[in-house]
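Engineer: Here it is, the structure in full.
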Amino acid sequence: MGPIMAAAVLGLKSHTDPAWTKVALSDEIALLRDHAHLERKAAGHMITLMGQVQGAADRLLENAREELDHFARVSALLAARGAEPGKDPGNPYVQAVAQATGKSLLDRVLRMGIIEARSYEHFTLLGEAAPEGNLKRMFLELKDSEAGHHAFFIGLAYEHWPRATVREHWDKLADAEAEIVAHIEWGPRVH
Ligand SMILES: [Fe+2]
Ligand SMILES: [Fe+2]
301 MGPIMAAAVL GLKSHTDPAW TKVALSDEIA LLRDHAHLER KAAGHMITLM
351 GQVQGAADRL LENAREELDH FARVSALLAA RGAEPGKDPG NPYVQAVAQA
401 TGKSLLDRVL RMGIIEARSY EHFTLLGEAA PEGNLKRMFL ELKDSEAGHH
451 AFFIGLAYEH WPRATVREHW DKLADAEAEI VAHIEWGPRV H
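For the sequence shown, the residue numbers in the numbering used here are 301 to 491.
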């Protein structure tokens, strides 16, 4: 990178070190298992929000369906490797972000938005770093869908809460998330 740091993507406050991809890709089955469960849980959170955010059930359902399609796609890559998602060990990054951030509805909407943004960044890095093959193609094809989910959640927040409130909560959340990313132990995981 040149002397001027490129702006971090999608409102994130940090860049992931591209060296992270080497560790993430060191065990494809472990990476895909973590990924499958993240897609499944994203769909689950969207379905939960259908009962909590007014006037957004159809759009949340549409996004949840996309996440379930992603889950199926990741599961197929696991099946091709003789594996399955199996039991979910939990993802330390998502757990840390959930613990570090507020429990209000706005915070939960924005938390979805920031995890989608980091997924977009990580899928982009993984898509660039992975060797030619179905894993690389999958990351490059899914990344834009995750960026779309990020935009959806940010839009949803602005629909329901005042701009200044959304900005203030996002700012706090993005600071906490960048701090978590800086200290999380790297492993064969999407995050
Ligand atoms: Fe997804
Ligand atoms: Fe997503």
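We treat Cβ as the ideally placed atom computed from N, Cα and C, and that holds for glycine. Predicted model, so just to flag it, every value in this text is computed and none were measured.
Does the Cβ of H483 have 16 or more other Cβ atoms within 10 Å, making it buried, or fewer, making it exposed?
Structural biologist: When all chains shown are included, H483 counts as exposed.
Engineer: May I ask whether a heavy atom of ligand 2 can be found less than 8 Å away from the beta carbon of E416?
Structural biologist: E416: yes, Cβ under 8 Å from ligand 2.
Engineer: Determine the contact status of Y420 and R489, defining contact as a CB-CB distance below 9 Å.
Structural biologist: Contact flag unset, no.
Engineer: Would you check if there are 3 or more beta carbon pairs closer than 8 Å linking the region 331 to 341 to the region 366 to 373?
Structural biologist: As far as the Cβ criterion goes, the region 331 to 341 touches the region 366 to 373, which means the pair count is three or higher.
Engineer: Grab me the residues of V481's own chain with a C-beta within less than 6 Å of its C-beta, minus the 5 sequence neighbours each way, in chain order.
Structural biologist: Answer for V481: S314, listed in chain order.
Engineer: Taking buried to mean at least 16 other C-beta atoms within 10 Å of its own C-beta, is P303 buried or exposed?
Structural biologist: Reliability of the predicted coordinates at P303 is poor, the pLDDT of 37 falling under 50, and the value obtained from them is presented with this limitation in mind. Its Cβ having fewer than 16 others within 10 Å, P303 is exposed.
Engineer: Put G402 into one of helix, strand or coil per three-state DSSP.
Structural biologist: Reduced to three states, the DSSP call for G402 is coil.
Engineer: When you compare only the Cα positions, how much space is there between A474 and L426?
Structural biologist: Cα to Cα, A474 sits roughly 22 Å from L426.
Engineer: Alpha carbon to alpha carbon, how far is M438 from A330?
Structural biologist: So the alpha carbons of these two residues sit roughly 16 Å apart.
Engineer: Can you give the Cα-Cα distance for D327 and T316, rounded to whole angstroms?
Structural biologist: Cα to Cα, the separation comes out at about 19 Å.
Engineer: Could you tell me which uninterrupted alpha helix (DSSP H) segments, each at least 4 residues in length, are contained entirely in the region 460 to 484, listed from first to last along the chain?
Structural biologist: 463 to 483, all fully within the region 460 to 484.
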